[in-house]
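Everything below concerns the one structure shown next.
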Amino acid sequence: MVLIIGLFLFVNLLLLFINIICFCNKSRYFIYSMFINNIISVTTLLMCINYIKELMLKSDWTALLDIVPVIVPILTIYFIGVCVIQMILMILFYKK
């Protein structure tokens with residue numbers, strides 16, 4: 000499960016760079032790539048929540064104490080950064 004979450008995060012980051020490239024080239028695919036990026040972001044967050052829920056149901060408290068304090072701040076900063084960049088790109092895209 001962690002490997003799949005990591006893969007989704009990598010694809011999310013790759014799509015963010017594709018968003019920036021499409022924005023700079025004024026491509027019509029900018030909106031489509033942003034929509035797909037948002038779907039992958041939400042899916043990744045739901046997968047993380049589901050993974051933590053599974054650990055809680057298994058009562059695997061050592062894994063929770065090892066994983067959650069490290070992953071939650073990293074994912075929070077990552078997703079806030081991605082959302083801010085996407086909002087800035089969307090505002091600038093519609094201003095043009």
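Quick note: the sequence shown, position 78, residue 77 per numbering that gives the first Met the number 0, numbers continuous. Note that beta-carbon positions come from the ideal geometry of N, C-alpha and C, so glycine has one too. None of the values given here were measured: they were computed from a predicted structure.
If you reduce the DSSP assignment to three classes, tell me which class residue i lands in.
{"i": "residue 65", "result": "helix"}
{"i": "residue 94", "result": "helix"}
{"i": "residue 24", "result": "coil"}
{"i": "residue 57", "result": "coil"}
{"i": "residue 0", "result": "coil"}
Do residue i and residue j have their C-beta atoms within less than 7 Å of each other?
{"i": "residue 39", "j": "residue 16", "result": "no"}
{"i": "residue 22", "j": "residue 74", "result": "no"}
{"i": "residue 86", "j": "residue 50", "result": "no"}
{"i": "residue 46", "j": "residue 4", "result": "yes"}
Quiz item: Is there contact here, the stretch 56 to 63 with the stretch 10 to 25, by at least three beta-carbon pairs under 8 Å?
Solution: No: the two stretches stay apart, fewer than three of their Cβ pairs being nearer than 8 Å.
Practice problem: Say whether the stretch 65 to 75 touches the stretch 17 to 36, bearing in mind that this needs 3 or more beta-carbon pairs closer than 8 Å, one atom from each stretch. | Solution: Short answer: they don't touch.
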